[in-house]
Amino acid sequence: MAVVVQNFSVLIADDNDLNRWLLREQLENWTGNIHEASDGLQAWHTLRQTEFRIVFLDVNMPGLDGLALIDKLRTSEVSWSGVPAVAVTAHAGEDQRQAAMAAGFDDYLVKPIRLEHLRQVLDRWLEPERPGEYGACLLRKTGDNRRLTFNLLEQFFAELPGQVAGIDDALQQGRDEEAWKIVHNLHGTFCFFEFADCRALVAALETAIKHDSRLVPASFRAFQVRMTWLTANKAAVMQGLIAD
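Positions 1 to 244 (UniProt numbering) are the ones given, in order, by the sequence shown.
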């Protein structure tokens with residue numbers, strides 16, 4: 001199983017005991033740090049008290065449903081901008097998916113959840129915890145040429161914010177071809193760098209822009225979160241160039 005991060009903290013919120021148990025059983029392939037809530041209000045209180053790497057919220061819960069809960073999270077004084085929230089529902093219709101994304105969810109899973117679909121969601125949203133591995137990876141690719149690797153990463157980090165902003169602006173303005181070209185160039189960069197997780201994210205966004213516009217918002221959000229994390233961890237990435 002390809003999920004890089006292990007023992008991450010996760011919340012499952014669902015009023016159905018069996019559904020919570022099934023999702024817990026699947027998540028235990030990667031983590032034992034699993035918390036549960038049996039309704040939306042309990043989930044709200046738990047989320048305000050505990051930090052999680054990712055949360056799975058049932059859309060239809062009594063008291064406070066998943067759509068209302070995600071709206072409270074995104075608009076509360078507590079910052080949840082970087083915490084992926086996955087809508088879980090028995091409804092597979094496109095209307096339900098779009099409503100969940102519009103409410104503030106980052107991704108969507110349909111019950112019964114298949115393990116492969118869950119793994120794909122985790123791979124999209126859980127960033128590696130050792131950013132120095134990126135620098136070490138590129139260093140190997142350049143044959144341990146530290147000056148070349150340093151210069152490549154410096155140029156990459158200098159250009160990345162503008163590229164992400166350019167993609168966002170182009171997508172917002174309906175200039176899909178322009179957005180695709182930027183994404184395509186980044187795809188080539190990540191292929192050369194051999195940053196496998198980043199390459200997968202830009203490949204998914206590239207495909208979504210070309211072939212399925214419905215997937216673009218979630219694909220871009222996953223890409224944007226990872227690029228923000230990567231930029232924030234530049235110093236740690238560069239640390240991977242230091243000789244042992």
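Where is the CB? At the ideal position from N, CA and C, for every residue including glycine.
Under 8 Å between C-beta atoms of residue 69 and residue 43: Your numbering for residue 69 matches position 69 in the sequence shown. Your numbering for residue 43 matches position 43 in the sequence shown. A contact, by the Cβ cut-off of 8 Å.
Alpha-carbon spacing of residue 181 relative to residue 201, whole angstroms: Within the sequence shown, the letter at position 181 stands for residue 181. Within the sequence shown, the letter at position 201 stands for residue 201. Whole-angstrom Cα-Cα distance: 15 Å.
Paired residues, beta bridge with residue 56 - DSSP: To locate residue 56, count along the sequence shown from 1; it is residue 56. 12, 86.
Burial state of residue 21 (16 or more Cβ within 10 Å): On the sequence shown, residue 21 is found 21 positions in, with the first residue counted as 1. By the neighbour-count rule (16 or more Cβ atoms within 10 Å), residue 21 is not buried but exposed.
Terminal residues of the alpha helix (DSSP H) in which residue 70 lies: Residue mapping note: residue 70 aligns to position 70 of the sequence shown, counting from 1. Here the alpha helix (DSSP H) through residue 70 covers 66–75.
Closest by C-alpha distance to residue 55, when choosing among 169, 62, 14, 94: By one-based count along the sequence shown, residue 55 stands at place 55. For the residues 169, 62, 14, 94, the minimum Cα distance to residue 55 belongs to 14.
Assigned secondary structure, residue 218 (DSSP; H/G/I helix, E/B strand, else coil): Taking the first residue of the sequence shown as 1, we reach residue 218 at position 218. Reduced to three states, the DSSP call for residue 218 is helix.
Under 8 Å between C-beta atoms of residue 101 and residue 218: What you label residue 101 is simply residue 101 of the sequence shown in a count that begins at 1. What you label residue 218 is simply residue 218 of the sequence shown in a count that begins at 1. Closer than 8 Å, so yes.
Alpha-carbon to alpha-carbon, residue 206 and residue 190: Position 190 of the sequence shown, counting from 1, holds the residue named residue 190. Position 206 of the sequence shown, counting from 1, holds the residue named residue 206. So the alpha carbons of these two residues sit roughly 13 Å apart.
Between the CA atoms of residue 39 and residue 133 - distance to the nearest angstrom: For the purposes of this step, residue 133 is identified with residue 133 of the sequence shown, where counting begins at 1. For the purposes of this step, residue 39 is identified with residue 39 of the sequence shown, where counting begins at 1. One C-alpha to the other measures close to 39 Å.
Contact test: residue 183 Cβ vs the ligand ADP heavy atom, cutoff 7 Å: Absent from the structure shown: the ligand ADP. Ligands present: none.
Range of the contiguous beta strand (DSSP E) that encloses residue 51: In the sequence shown, counting from the first residue as 1, residue 51 sits at position 51. Taken as a continuous stretch (DSSP letters only), residue 51 belongs to no beta strand (DSSP E), as it is neither H nor E.
Nearest residue (CA-CA) to residue 46, options 10, 188, 232, 114: Residue 46 sits at position 46 when you count from the first residue of the sequence shown. The option with the nearest alpha carbon to residue 46 is 10.
Residue 194 to residue 121 span [Cα, whole Å]: In the sequence shown, counting from the first residue as 1, residue 194 sits at position 194. In the sequence shown, counting from the first residue as 1, residue 121 sits at position 121. One C-alpha to the other measures close to 21 Å.
Rounded separation between residue 110 and residue 211 - CA only: Along the sequence shown, read from residue 1 onward, the residue named residue 110 stands at position 110. Along the sequence shown, read from residue 1 onward, the residue named residue 211 stands at position 211. If you take the alpha carbons of residue 110 and residue 211, they lie about 22 Å apart.
Per-residue burial, residue 135 [other beta carbons within 10 Å of its own, 16 or more giving buried]: Sequence index remark: in the sequence shown, residue 135 carries index 135 (1-based). By the neighbour-count rule (16 or more Cβ atoms within 10 Å), residue 135 is buried.
Residues that residue 34 bridges to, as DSSP identifies them: To locate residue 34, count along the sequence shown from 1; it is residue 34. According to DSSP, residue 34 bridges with 10.
Ranges of the alpha helix (DSSP H) found wholly within the UniProt domain "HPt" (145–244), counting only runs of at least 4: 146–172, 176–193, 196–211, 216–232, 234–239
Under 8 Å between C-beta atoms of residue 171 and residue 238: Numbered from its first residue, the sequence shown carries residue 171 at position 171. Numbered from its first residue, the sequence shown carries residue 238 at position 238. The answer is no: Cβ separation not under 8 Å.
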